[in-house]
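Numbering (the working numbering), first residue to last: 34 to 342.
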């Protein structure tokens, strides 16, 4: 398709008005049907083929490995935190300094958790920024995808009206009869009608596949937004609760004393955090699987579009 045609495809009112305009009376219905039956809407279909490739590429370039690895890394660090290092030690441990060494070990473990949490926060922010940019590009492609699809639907509507008009005319002509030349013309027009039926069927298949792909793309956008929201909630709720519970006992460990109640609160917060992290990993895996399936569905649109090109 020429660049001017592609630009015009985005001018929805003008394009639709052009599609709704009936041919002039001087135009040959037979010639119009010949053209319509062979390549009606082919320019729009070719543009849809280009857009389909872009949509598939956009879906396949989305990745969640970074944030998934950060979630797993934090879960591992939390699971390895050894609260037994904070147990009260006997006089021998105090005399040899073993208690201080174990407390320092706990502080080091808590520090690794803190750094892993910061890494997760960075990955979540990077993912949100990346998905936001990709969403803008995807929305623009989907907008043009919809415009081209609607243009084909208008052509199908117009073709169906012409087909009905031609069939009505054939009935009148058949009833009137005529010579051999008239009979031959009617047979040719009847054959054109059958060709047009096939063309309209192919175009309907193309638009149906295009619609389904576009709807799935929009639904996937909602799923991505939901994942970002869950990650943000995890950072604000479970991670914050862990920091609030573990912070005081970490500072107390540095000073050489820990209250039992504070340890229990941190243990509970750690369990909750691990559970939330594991669920977030599952969410990432599920979304990645859905993205792969979506890419396959978009790839499958190639066949009906190619048939109509």
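The beta carbon of each residue, even a glycine, is placed where N, CA and C say it ideally should be.
Okay, do the region 205–220 and the region 299–315 touch, 3+ Cβ pairs below 8 Å being the bar? By the C-beta criterion, the region 205–220 is judged not to be in contact with the region 299–315, since fewer than 3 inter-stretch pairs fall below 8 Å.
Is it a yes or a no for the region 154–166 touching the region 192–206, going by three-plus beta-carbon pairs under 8 Å? No, they do not touch.
Check whether the region 139–146 touches the region 170–187, taking contact to mean three or more Cβ pairs, one atom from each stretch, closer than 8 Å. Between the region 139–146 and the region 170–187, the count of C-beta pairs closer than 8 Å stays below three; the two stretches do not touch.
With three or more beta-carbon pairs closer than 8 Å as the criterion, would you say the region 274–290 touches the region 69–80? Touching, no.
Coil, strand or helix - residue 227 by DSSP: Position 194 of the chain shown, counted from the start, is the residue given in the question as residue 227. Residue 227: helix per DSSP, three-state reduction.
Burial state of residue 252 (16 or more Cβ within 10 Å): Stepping through the chain shown from its first residue, residue 252 is reached at position 219. Exposed: under 16 other Cβ atoms inside 10 Å.
Could you give the DSSP three-state label for residue 342: helix, strand or coil? On the chain shown, residue 342 is found 309 positions in, with the first residue counted as 1. In the structure shown, residue 342 sits in coil (DSSP, three-state: anything other than H, G, I, E or B).
Take every Cβ of the region 298–311, pair it with every Cβ of the region 326–336, and state whether three or more of those distances are shorter than 8 Å. No, they do not touch.
Tell me which same chain residues have a C-beta within less than 6 Å of the C-beta of residue 206, skipping the five on either side of it? Locating residue 206 in the chain shown gives position 173, where the first residue counts as 1. Cβ neighbours of residue 206 beyond the five flanking positions: 219.
Please state if the CB of residue 81 and the CB of residue 243 are separated by a distance shorter than 9 Å. Taking the first residue of the chain shown as position 1, residue 243 is located at position 210. Taking the first residue of the chain shown as position 1, residue 81 is located at position 48. Yes, these two residues count as a Cβ contact at 9 Å.
Helix, strand or coil: which one does DSSP assign to residue 164? As a first step, residue 164 must be located in the chain shown, where it is residue number 131. Residue state, collapsed to three classes: helix.
How is the alpha helix (DSSP H) around residue 286 delimited, first residue to last? For this step, residue 286 is matched to residue 253 along the chain shown. First-last of the alpha helix (DSSP H) with residue 286: 273–288.
Touch test, the region 173–185 against the region 143–153, Cβ-Cβ under 8 Å, three pairs minimum: Flag = no, the region 173–185 and the region 143–153 do not touch.
Do you know how far the Cα of residue 71 is from the Cα of residue 228? Looking up residue 228 in the chain shown gives position 195. Looking up residue 71 in the chain shown gives position 38. Cα to Cα, residue 228 sits roughly 8 Å from residue 71.
Selection from 196, 101 and 73 that minimises the alpha carbon distance to residue 319: Here residue 319 is taken as the residue at index 286 of the chain shown, counted from 1. The shortest CA-to-CA distance from residue 319 to any of 196, 101 and 73 is the one to 101.
Cβ neighbours of residue 149 in the same chain (closer than 6 Å, five flanking residues each side left out): For this step, residue 149 is matched to residue 116 along the chain shown. The beta carbon of residue 149 sits closer than 6 Å to those of 106, 107 and 110, all from its chain and outside the five residues before and after it, given in chain order.
Residue 105 lies in the alpha helix (DSSP H); which residues open and close that run? Taking the chain shown and counting its residues from 1, one reaches residue 105 at position 72. Looking at the DSSP string, the run of the alpha helix (DSSP H) that includes residue 105 is 98–112.
Option in 254, 230 and 211 with minimal Cα separation from residue 67: Start at 1 with the first residue of the chain shown, and residue 67 comes out as number 34. Closest by alpha carbon: 230.
What span of residues does the alpha helix (DSSP H) with residue 91 cover, start to end? For the purposes of this step, residue 91 is taken as the residue at position 58 of the chain shown. For residue 91, the enclosing alpha helix (DSSP H) covers residues 75–93.
Which whole-angstrom value describes the C-beta separation of residue 236 and residue 185, a residue pair presumed to lie in contact below a C-beta threshold of 8 Å? Within the chain shown, residue 236 is the residue found at index 203, counting from 1. Within the chain shown, residue 185 is the residue found at index 152, counting from 1. A Cβ-Cβ separation of about 6 Å places residue 236 in contact with residue 185 under the 8 Å criterion.
Cutting at 7 Å between CB atoms, please list the residues of its own chain near residue 323, excluding the five before and the five after it. Mapped onto the chain shown, residue 323 falls at position 290. Excluding positions up to five away in sequence, the list reads 253 and 256.
Collapsed DSSP secondary structure at residue 221 in the structure displayed: For the purposes of this step, residue 221 is identified with residue 188 of the chain shown, where counting begins at 1. If DSSP states are grouped into helix, strand and coil, residue 221 belongs with the helices.
If we define contact as Cβ-Cβ less than 9 Å, is residue 311 a contact residue for chain B? Absence of chain B from the displayed structure is noted, only one protein chain being present.
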